[in-house]
Amino acid sequence: MRHTRRTGIAATILLGLPTTGLALLGLPASVRAQNGIIADRTNNAIVNVDKIAGRYREEIRAEIQRLAIRSKPLPPQSAAEADAMRQPGAWWQSGVSQSIGGGGAKTPPMRFSLAYAYDSAMLNSAQIRAFGDLPAIRETQEAEIRGRYALRAYGEGRYEDVNDPTRSLANTRGSDRLRSHERSAEFGLRQRLLTGADMTIGQRFVNFKTNSLDYIPDRQSTTRTFITIVQPLLRESGIAYTRSLHEVARLDAKVGLSEFRRQAESHLLEVARAYWSLHLARATYLQRQRLAQAAGGLVDQLSGREGLDADILLTSRARSAQALREADLLRARAAVASAEARLRGLVNDPRFMAQDSELVPVDMPLGKHEALTLQTVVERAVAFRPEVEQAFLQHRAAVLRQGQAQIEALPRLDLIVGGNLGGRGLGGGTFGNAFDDERRNASKPGLLFGLRIEVPLQADDAKARLDRRRLETRLAENQGRALLMTIIAEAEVTLTEYEVAWRELGARALALRAARTELGIESERWMEGVAGTRGESAANGLERLLTAQERLADAEERLALAQASFTVAFLALQRVQGTFTAAQNADIKRIEDAARGPAYNLRRVEAPAPAPEWAPKVRQR
Numbered sequence: 032m033r034h035t036r037r038t039g040i041a042a043t044i045l046l047g048l049p050t051t052g053l054a055l056l057g058l059p060a061s062v063r064a065q066n067g068i069i070a071d072r073t074n075n076a077i078v079n080v081d082k083i084a085g086r087y088r089e090e091i092r093a094e095i096q097r098l099a100i101r102s103k104p105l106p107p108q109s110a111a112e113a114d115a116m117r118q119p120g121a122w123w124q125s126g127v128s129q130s131i132g133g134g135g136a137k138t139p140p141m142r143f144s145l146a147y148a149y150d151s152a153m154l155n156s157a158q159i160r161a162f163g164d165l166p167a168i169r170e171t172q173e174a175e176i177r178g179r180y181a182l183r184a185y186g187e188g189r190y191e192d193v194n195d196p197t198r199s200l201a202n203t204r205g206s207d208r209l210r211s212h213e214r215s216a217e218f219g220l221r222q223r224l225l226t227g228a229d230m231t232i233g234q235r236f237v238n239f240k241t242n243s244l245d246y247i248p249d250r251q252s253t254t255r256t257f258i259t260i261v262q263p264l265l266r267e268s269g270i271a272y273t274r275s276l277h278e279v280a281r282l283d284a285k286v287g288l289s290e291f292r293r294q295a296e297s298h299l300l301e302v303a304r305a306y307w308s309l310h311l312a313r314a315t316y317l318q319r320q321r322l323a324q325a326a327g328g329l330v331d332q333l334s335g336r337e338g339l340d341a342d343i344l345l346t347s348r349a350r351s352a353q354a355l356r357e358a359d360l361l362r363a364r365a366a367v368a369s370a371e372a373r374l375r376g377l378v379n380d381p382r383f384m385a386q387d388s389e390l391v392p393v394d395m396p397l398g399k400h401e402a403l404t405l406q407t408v409v410e411r412a413v414a415f416r417p418e419v420e421q422a423f424l425q426h427r428a429a430v431l432r433q434g435q436a437q438i439e440a441l442p443r444l445d446l447i448v449g450g451n452l453g454g455r456g457l458g459g460g461t462f463g464n465a466f467d468d469e470r471r472n473a474s475k476p477g478l479l480f481g482l483r484i485e486v487p488l489q490a491d492d493a494k495a496r497l498d499r500r501r502l503e504t505r506l507a508e509n510q511g512r513a514l515l516m517t518i519i520a521e522a523e524v525t526l527t528e529y530e531v532a533w534r535e536l537g538a539r540a541l542a543l544r545a546a547r548t549e550l551g552i553e554s555e556r557w558m559e560g561v562a563g564t565r566g567e568s569a570a571n572g573l574e575r576l577l578t579a580q581e582r583l584a585d586a587e588e589r590l591a592l593a594q595a596s597f598t599v600a601f602l603a604l605q606r607v608q609g610t611f612t613a614a615q616n617a618d619i620k621r622i623e624d625a626a627r628g629p630a631y632n633l634r635r636v637e638a639p640a641p642a643p644e645w646a647p648k649v650r651q652r
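The numbering used here numbers the first residue of the sequence shown as 32 and each following residue consecutively.
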């Protein structure tokens with residue numbers, strides 16, 4: 032009971048500090064004022080987070096409406112271009128999806144679709160798996176916050192031996208030394224409550240021996256059962272503050288999911304680019320192959336007539352063209368191998384890893400145009416882009432962190448309350464008697480009440496942290512607006528590329544038709560001998576024929592490039608609108624792994640694309 036009374040006196044002194052005690056201590060007026068304490072505690076950013084976040088969203092929507100986004104339409108396709116688009120004459124399309132042979136491959140060609148490449152990348156790509164670890168890491172933050180409020184058991188033990196000079200020989204039975212031996216043990220439970228309070232429930236045992244006459248007998252045992260609650264009233268206090276910690280952790284986890292979706296979409300778009308790059312490389316190879324064969328046909332024709340009417344200079348010129356075209360064919364073959372390596376590196380499918388295997392894409396390029404306005408693209412992007420959702424989540428989290436910093440920067444004022452029951456047993460190790468004494472006096476508990484205050488006299492780290500949080504909130508707002516401008520610019524550029532690619536497709540188809548007509552005329556003249564077989568006239572005729580062949584091959588190559596570019600531009604437009612994964616029926620799935628922990632990945636909501644016929648059975652990892 033003596034200890035309890037001392038605590039009560041200290042509490043009485045502390046009670047006066049919030050009003051007059053600080054002035055009596057001579058503290059600065061700026062510290063005594065503490066302007067905004069009540070506002071920061073009861074009307075902070077945590078309380079107003081819904082209002083602040085909602086106002087920010089409305090400001091973003093209003094800015095979009097004020098922009099009055101209008102795209103600049105391109106001239107429509109001409110009638111001739113539209114007619115050429117209906118029958119572009121892309122003979123190489125059927126050959127792209129067939130084996131082109133060569134390379135000494137020992138395994139059968141691997142024919143697969145873009146949908147299968149997506150599914151395989153979702154399952155096997157090491158890069159996507161790395162992206163999926165981020166939200167898994169972020170979601171542990173809430174468990175970490177929740178762990179702060181876990182119930183904990185504690186135990187303490189102490190042995191103390193006092194050997195001091197005595198102040199009174201009469202008090203120590205004539206000994207000049209005051210001796211005491213004390214052994215104590217304490218155990219109990221501790222927990223932080225939702226209000227921010229720290230609660231301790233414990234049991235203490237003390238056994239001591241002394242030569243002081245203050246204790247009769249000289250051996251005693253005591254027990255004390257106690258409960259103590261320290262409740263913050265200003266700094267780090269309140270249910271709203273505690274819940275905001277959990278909400279920030281959940282927001283960070285959602286931001287991780289948005290970041291994963293953005294990164295996974297970018298990776299799958301790269302897979303699509305690699306797929307159509309392979310398609311284009313194979314188409315270019317077939318076109319170069321036909322061009323080299325055409326030069327070889329001229330060489331055979333002229334070589335057979337060298338002894339009759341063919342000029343040897345014509346044969347030399349044809350052979351030179353053949354050698355150059357065969358060199359281009361080797362380069363085209365290397366481009367196919369490079370495109371395959373790029374696709375293997377992005378997909379990481381173990382069935383693609385055989386270096387002598389031939390990867391054969393079977394999908395055809397897109398040939399249908401969808402008319403879209405820039406306003407529609409931007410509205411879809413704001414509604415569906417993971418970056419936009421991420422920006423809103425980060426802004427809300429920044430507002431909550433600012434509110435937390437407001438509460439953490441307040442002076443520390445803690446309410447301390449407690450109660451205890453004590454008992455004494457005479458003699459060493461008589462804890463049973465002490466418990467009986469404690470039970471007999473259960474109606475007379477000891478009480479504890481006090482206040483603890485702490486006020487910084489200078490700008491401390493909490494104040495600096497609050498200033499930083501305010502700046503971070505402003506940064507999040509500006510980043511959201513900057514993101515909006517970036518999305519609008521990206522949407523305009525991508526939509527323009529999509530429209531230009533469609534117009535280019537028609538123009539390239541028309542150019543191919545003209546080049547094919549030119550080659551037909553030159554071939555007919557050459558076969559009929561109109562250009563002559565000797566002299567300058569024959570050389571000019573051969574040169575015109577070779578030029579027409581190369582012009583046709585160039586037109587075919589440019590049309591194949593336009594087809595692949597238009598297809599990729601459409602996929603890029605889907606990503607800009609935020610509908611890329613939805614168009615692929617893919618969604619984020621949480622994967623439980625007892626050995627390695629949870630992870631996230633993309634999976635198709637519907638049935639995955641069927642595996643190619645060549646694909647062996649591979650055990651799921």
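Note that the Cβ used here is the ideal one computed from N, Cα and C, for glycine as well.
- Note that the C-beta distance between A152 and V378 is below 8 Å.
- Unbroken beta strand (DSSP E) stretches of 3 residues or longer found wholly inside the stretch 69-146: 141-143, given in chain order.
- Residue burial annotation: F383 is buried, with at least 16 other C-beta atoms found within 10 angstroms of its C-beta.
- If you look at Y631, you'll find it isn't in any alpha helix (DSSP H); it sits in the beta strand (DSSP E) that goes 630-635.
- Residue pairing from DSSP places Y190 in a beta bridge opposite R214.
- Counting only residues of its own chain and dropping the five nearest sequence neighbours on each side, L604 has a CB closer than 6 Å to the CB of T525, Y529.
- When secondary structure is reduced to three states using DSSP, M153 falls in the helix class.
- In the DSSP assignment, L360 falls within the alpha helix (DSSP H) that extends over 343-378.
- Shown here, Q615 sits in coil according to DSSP, grouped into three states, outside any helix or strand.
- For the options A314, L165, E523, the alpha carbon positioned closest to that of A600 is the one of E523.
- Taking each of F423, E112, F480 in turn and checking the Cα distance to Q262, the smallest one comes out for F480.
- Its chain contains Q425, H426, A429 as the residues whose beta carbon lies nearer than 7 Å to that of A507, once the 5 sequence neighbours on both sides are disregarded; these appear in chain order.
- Taking C-beta atoms as the reference points, I438 and E290 fail to come closer than 8 Å.
- Taken through DSSP and simplified to helix, strand or coil, Y529 comes out as helix.
- Taking a 10 Å sphere around the C-beta of P166, we find 16 or more other C-beta atoms and assign the residue as buried.
- Secondary structure of M230 (DSSP, three-state): strand.
- Non-local C-beta neighbours of R501 in its own chain, meaning closer than 7 Å and more than five positions away in sequence, comprise Q433, ordered along the chain.
- Boundaries of the beta strand (DSSP E) around V391: 390-392.
- Around the beta carbon of E90, fewer than 16 other beta carbons lie within 10 angstroms, which makes this residue exposed.
- If you look at N451, you'll find it in the beta strand (DSSP E) that goes 443-457.
- Between the C-alpha atoms of R86 and R304 there is a straight-line separation of about 40 Å.
- When rounded, the separation of the alpha-carbon atoms in V286 and V419 is 10 Å.
- Under the three-state reduction of DSSP, V237 is assigned to strand.
- By DSSP's assignment, G219 forms a beta bridge with Y185, G233.
- Judged by DSSP secondary structure, S289 falls within the alpha helix (DSSP H) whose first and last residues are 270-335.
- Fewer than three Cβ pairs drawn from the stretch 360-372 and the stretch 584-599 lie within less than 8 Å of each other, which leaves the two stretches out of contact.
- Annotation for E485: the continuous beta strand (DSSP E) segment containing it runs 477-485.
- A direct Cα-Cα distance of roughly 41 Å separates I343 from S128.
- For A110, the closest of F257, G609, G537 by C-alpha to C-alpha distance is G537.
- Between the alpha carbons of L390 and M141 lies a distance of about 5 Å.
- Beyond the five residues adjoining it in sequence on each side, A570 comes within less than 8 Å, by CB distance, of D342, L344, L345, R348 in the same chain, given in chain order.
- R208 sits in a strand when the DSSP states are folded into three classes.
- Per DSSP, the beta bridge partners of K620 are N632.
- For F423, the enclosing alpha helix (DSSP H) starts and ends at 417-439.
- Taken through DSSP and simplified to helix, strand or coil, Q605 comes out as helix.
- Excluding sequence positions up to five before and after R512, its CB lies within less than 8 Å of the CB of I91, E94, all in the same chain and listed in chain order.
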